[in-house]
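All the letters of the sequence shown, read from the start, carry residue numbers 3 to 239 under my numbering. Remarks on the structure that follows.
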Amino acid sequence: MAEMRNIPQHIAVIMDGNGRWAKLRGKKRNEGHIAGMEALQRTVYNAASAGVKYLTVYAFSTENWGRPQEEVDALMELVCKGVEMHAPELKKQGVSVRTIGDKSRFSEKVRGALDRIEAFTAGGELMTLVLALNYSSRSEIVATMQELARKAAAGEIKAEEIDEKMISSSLYTAGIPDPDLIIRTSGEYRLSNFLMWQASYAEFYFTDVLWPDFNDEELQKAIDAFSARDRRYGLVK
Ligand code: FPP
């Protein structure tokens, strides 16, 4: 009989190591990102097949604007091409795409591509793929606090009404359950401004594997590790 596994409802991934993967092969960093995109494509379908309902990936942080312009441009191009190229299959499989982050800083072309794929895949019920783009947890919290302060000043809410539920439902991730499992590749052990509010009770899984090498075997290892954890949420069992 197959062993019963506890499948995380929501996995969030810090896809790290594209640059090092490329360097190890004497390739340009951008080629690492292209390989990273292929790893993302595999992971979307592998996660969906495993029964995961939400997959959030850290695709571009607010700090990433500080990278060389050539790399930023290549990443933007990859986002546009990637969403256009994969939209039909994602829709066909029932994967709906959502973005979190401040899209206003992106060019019209990038925003248009993101808006199109969100509208095109809306309603897909197999899994939700959440792309964190121009995202950082602190900027998300700042934007949310400003919004709630505005509402309080306008008399729409009372300060005392602000509670955890209201904050959660005002963040970019409104309506998305908190991540159960956060995976970071490439042997780094940091959260790097990713889902800090939402990660309160998440389990963490770190692997030395570089993101472009991440495959189904690695995903299964992460799920197995999660499945073996005892989540107590601060309680005694
Ligand atoms: C981190 O590796 C990776 C990124 C900053 C970009 C991630 C992007 C993709 C996987 C592809 C594009 C995604 C979408 C959604 C279209 P790094 O460059 O920091 O690697 P390093 O630490 O080895 O230098």
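Heads up, the beta-carbon is just placed ideally off N, CA and C, and yes, glycines get one too.
For residue 18, count the other beta carbons within 10 Å of its own beta carbon; 16 or more makes it buried, fewer makes it exposed. Which is it? buried
Compare the C-alpha of residue 204 against each of 61, 83 and 186 and name the closest. 186
Does the ligand FPP have a heavy atom nearer than 8 angstroms to the CB of residue 129? no
Continuous beta strand (DSSP E) stretch holding residue 63: start and end: 56–63
Does the structure place the region 8–15 close enough to the region 84–103 that three or more beta carbon pairs sit under 8 angstroms? no
Three-state secondary structure (DSSP) at residue 104? coil
May I ask you to check if the CB of residue 152 is nearer than 8 angstroms to at least one heavy atom of the ligand HEM? This structure simply doesn't include the ligand HEM; it includes the ligand FPP instead.
Can you find a heavy atom of the ligand FPP that lies under 8 angstroms from the Cβ of residue 211? no
Cβ-based burial, residue 70 [other Cβ within 10 Å; buried from 16]: exposed
Rounded to whole angstroms, what is the Cα-Cα separation between residue 11 and residue 228? 11 angstroms
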